[in-house]
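The next block holds one structure in the form of structure tokens; read it before the comments.
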Amino acid sequence: MRRLSTIPRDPVPDATRDYFRDGAEFISRRAERLGSDIFETRLWLQPVICLRGPEALALFYGGTGLRRLGPGPRRLLRLPDHGGRISQTEGPAHQARKALFIRLLMAPGRTAALAELFRSEWAAALPGWERQERLILGDALTPLLARVGWRWCGLEPDEAGESQLSALARASGRGRQAPLLRYRLVRRLCRHLYAARTGRFRPQPDSPLAQMLAADQGGPLRQSADDLVDIICAVTAVSDYIIAAALTLVREPVWCALFRAGNAGLIEDFVEEVRRITPLAPVVAARSVTPLPFSGHVIPSHRTVLLDLRSPLLDAGCFPEPTRFRPERMLSWRQAEPGFVPQGGGEVALTHRCPGEAATVALMAEAVAGLCHDLHWTVPPQDLRPCAGPGPAVPRSRLILSGIRRAGGRDGTLPEPGGSGCTQPPAETAARRAEPLATE
Ligand code: HEM
Numbered sequence: 023m024r025r026l027s028t029i030p031r032d033p034v035p036d037a038t039r040d041y042f043r044d045g046a047e048f049i050s051r052r053a054e055r056l057g058s059d060i061f062e063t064r065l066w067l068q069p070v071i072c073l074r075g076p077e078a079l080a081l082f083y084g085g086t087g088l089r090r091l092g093p094g095p096r097r098l099l100r101l102p103d104h105g106g107r108i109s110q111t112e113g114p115a116h117q118a119r120k121a122l123f124i125r126l127l128m129a130p131g132r133t134a135a136l137a138e139l140f141r142s143e144w145a146a147a148l149p150g151w152e153r154q155e156r157l158i159l160g161d162a163l164t165p166l167l168a169r170v171g172w173r174w175c176g177l178e179p180d181e182a183g184e185s186q187l188s189a190l191a192r193a194s195g196r197g198r199q200a201p202l203l204r205y206r207l208v209r210r211l212c213r214h215l216y217a218a219r220t221g222r223f224r225p226q227p228d229s230p231l232a233q234m235l236a237a238d239q240g241g242p243l244r245q246s247a248d249d250l251v252d253i254i255c256a257v258t259a260v261s262d263y264i265i266a267a268a269l270t271l272v273r274e275p276v277w278c279a280l281f282r283a284g285n286a287g288l289i290e291d292f293v294e295e296v297r298r299i300t301p302l303a304p305v306v307a308a309r310s311v312t313p314l315p316f317s318g319h320v321i322p323s324h325r326t327v328l329l330d331l332r333s334p335l336l337d338a339g340c341f342p343e344p345t346r347f348r349p350e351r352m353l354s355w356r357q358a359e360p361g362f363v364p365q366g367g368g369e370v371a372l373t374h375r376c377p378g379e380a381a382t383v384a385l386m387a388e389a390v391a392g393l394c395h396d397l398h399w400t401v402p403p404q405d406l407r408p409c410a411g412p413g414p415a416v417p418r419s420r421l422i423l424s425g426i427r428r429a430g431g432r433d434g435t436l437p438e439p440g441g442s443g444c445t446q447p448p449a450e451t452a453a454r455r456a457e458p459l460a461t462e
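Oh and the sequence shown: position 187 is 209 in the working numbering, straight run, nothing missing.
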């Protein structure tokens, strides 16, 4: 085995500026240039090892010797504060908590309840949206999803808590510091949990709140409160995927027409392909706790290690013509292909793979149905370039919609003349689409 010094080294003394400039492409561009799936660079003057390829995926989602990076370093790297406390645990403690998360988040009844809540909040929001000349979809979705997540978790309605949550979600989704906000929110949730534990409030027995209380068996409430905050923040993060889906409806108008013509069964294929092609979690970060063999090299312990989650999704071996949007690939989180890792890889019960994939797909499908059936809308000229940096590649404008009018709905009634759903953007916007959301 070779020494660390043989790990190919990025020639620039510090690559922080490039890390922000190249965003989701940072690791793959350098790996190409250096001709290696492993290389060492410096970010904020600290040594960092970057990995990509199947061996790297197997190391992150099957191996041992790595611990996910804590919230502080993740914020420094501008990676979304996603995954929460559970992602900081490993081994049997992780698997026990993960089993609870899987029960809470992945049971078919739970995802159906989430979609139902989203549908009713969406319907309630439509009259207000219609009154606005321009709606920033991302900004409108964050509080909506915070309310959906809050209620889905089984918490008592609490408007102040829900708006604190959307403020936290806005900050942490962008990798910003919001510890005071989080501290206050966790305290608030502890009060909600205490009310449920002492019988002052009765949550639904299958709700995450009730199940967490049962699992914690009278222990401290802090961990459950923390976990609930993480779950609801993660629900709000789905807004980025919904923005990407809305933009795809504009770029590929045939799909909107198909859904309106009654092909609702294709919506899931459409949103899964949006997840494949949209880099919302292009990088995950960990710290090596022991020396780790990798492709004939040794990653020393106590190093920050970054994994490129983006390139497997664009691997021509797994996905022929990978830059083309093709829902007919019929991808699914249920039976994930080896490279289909938009929210992490491996076996969900055993690794750090996101347990929120079913919920994400259910929310996206509901939003796409709503965008096609419930509304007329168009996309005015705006800055559609992806946000700088390695975080979610959403457009800088957070997707402005205009000309919003309510349409016929999803219950079989015919759309109004002119058709519901998206309208092709004007030429100016089309020109800006040359800087696409998804890498091409
Ligand atoms: C309903 C929505 C969601 C929920 C409840 C949720 C929940 C979680 C949780 C609890 C974890 C930690 C799992 C563990 O450490 O074992 C996690 C990990 C993760 N989630 Fe989500 N998530 C949701 C949506 C999303 C979205 C929209 C994305 C965007 C891409 C995403 C990407 C990820 C990634 C990349 C990881 C980390 C994988 C790793 O560390 O290797 N999740 N999620």
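Idealized CB from N, CA, C, for every residue including glycine.
Per DSSP, the bridge partner or partners of residue i
{"i": "residue 315", "result": "320"}
{"i": "residue 308", "result": "90, 327"}
{"i": "residue 424", "result": "156, 400"}
{"i": "residue 408", "result": "417"}
{"i": "residue 366", "result": "364"}
{"i": "residue 31", "result": "62"}
Unbroken beta strand (DSSP E) run spanning residue i, endpoints
{"i": "residue 398", "result": "397 to 400"}
{"i": "residue 63", "result": "60 to 65"}
Whole-angstrom distance between residue j and residue i, CA atom to CA atom
{"i": "residue 43", "j": "residue 269", "result": "23 Å"}
{"i": "residue 441", "j": "residue 285", "result": "Residue placement at residue 441 is poorly supported in this model, since its pLDDT is 39, which falls under 50; the coordinates are not used for a value here."}
{"i": "residue 353", "j": "residue 322", "result": "37 Å"}
{"i": "residue 114", "j": "residue 368", "result": "17 Å"}
{"i": "residue 95", "j": "residue 375", "result": "20 Å"}
{"i": "residue 381", "j": "residue 365", "result": "12 Å"}
{"i": "residue 345", "j": "residue 299", "result": "7 Å"}
{"i": "residue 29", "j": "residue 325", "result": "13 Å"}
{"i": "residue 102", "j": "residue 149", "result": "32 Å"}
{"i": "residue 138", "j": "residue 234", "result": "22 Å"}
{"i": "residue 272", "j": "residue 401", "result": "8 Å"}
{"i": "residue 145", "j": "residue 283", "result": "21 Å"}
{"i": "residue 79", "j": "residue 49", "result": "14 Å"}
{"i": "residue 31", "j": "residue 38", "result": "15 Å"}
{"i": "residue 106", "j": "residue 336", "result": "27 Å"}
{"i": "residue 208", "j": "residue 248", "result": "6 Å"}
{"i": "residue 181", "j": "residue 419", "result": "27 Å"}
{"i": "residue 237", "j": "residue 253", "result": "16 Å"}
{"i": "residue 189", "j": "residue 303", "result": "21 Å"}
{"i": "residue 69", "j": "residue 373", "result": "26 Å"}
{"i": "residue 370", "j": "residue 123", "result": "10 Å"}
{"i": "residue 81", "j": "residue 151", "result": "46 Å"}
{"i": "residue 71", "j": "residue 329", "result": "9 Å"}
{"i": "residue 77", "j": "residue 35", "result": "27 Å"}
{"i": "residue 377", "j": "residue 349", "result": "23 Å"}
{"i": "residue 110", "j": "residue 342", "result": "36 Å"}
{"i": "residue 183", "j": "residue 56", "result": "49 Å"}
{"i": "residue 118", "j": "residue 406", "result": "42 Å"}
{"i": "residue 170", "j": "residue 431", "result": "21 Å"}
{"i": "residue 453", "j": "residue 403", "result": "Confidence in residue 453 is poor, its pLDDT being 34 and thus under 50, which makes the residue's placement too unreliable to answer from."}
{"i": "residue 192", "j": "residue 281", "result": "31 Å"}
{"i": "residue 166", "j": "residue 226", "result": "21 Å"}
Beta carbon proximity, residue i to chain B, threshold 8 Å
{"i": "residue 413", "result": "Checking the listed chains, one finds no chain B in this structure; it contains a single protein chain."}
First and last residue of the uninterrupted alpha helix (DSSP H) at residue i
{"i": "residue 275", "result": "275 to 282"}
{"i": "residue 68", "result": "It is not in any alpha helix (DSSP H) - residue 68 instead sits in the beta strand (DSSP E) that spans 68 to 73."}
{"i": "residue 118", "result": "113 to 128"}
{"i": "residue 212", "result": "201 to 219"}
{"i": "residue 235", "result": "230 to 238"}
{"i": "residue 38", "result": "38 to 44"}
{"i": "residue 291", "result": "289 to 299"}
{"i": "residue 179", "result": "That residue, residue 179, is in no alpha helix (DSSP H); it is neither H nor E in DSSP."}
{"i": "residue 82", "result": "76 to 82"}
Three Cβ pairs or more, each shorter than 8 Å: is that satisfied between the region 243 to 254 and the region 357 to 373?
Contact fails: fewer than three Cβ-Cβ distances are below 8 Å.
Does the region 153 to 169 come close enough to the region 412 to 424 that 3 or more CB-CB pairs lie under 8 Å?
Yes, they touch.
Check whether the region 258 to 273 and the region 409 to 416 are in contact - that is, three or more C-beta pairs closer than 8 Å.
Touching, yes, given that three or more Cβ pairs across the two stretches are closer than 8 Å.
Quick check: the region 206 to 225 against the region 113 to 132, are there 3 or more CB pairs under 8 Å?
Cβ pair count under 8 Å is below three, so no.
Determine, using beta-carbon pairs with one atom in the region 202 to 221 and one in the region 272 to 281, whether at least three such pairs fall under 8 Å.
By the Cβ criterion, the region 202 to 221 is not in contact with the region 272 to 281, since fewer than three pairs of Cβ atoms, one from each stretch, lie closer than 8 Å.
Three-pair Cβ contact test at 8 Å for the region 222 to 236 versus the region 169 to 182:
Result yes; three or more Cβ-Cβ pairs closer than 8 Å.
Whether or not the region 312 to 321 and the region 286 to 296 are in contact is what I'm after, with contact meaning three or more pairs of Cβ atoms, one per stretch, closer than 8 Å; do they touch?
Of all C-beta pairs linking the region 286 to 296 to the region 312 to 321, fewer than three are shorter than 8 Å, placing the two stretches out of contact.
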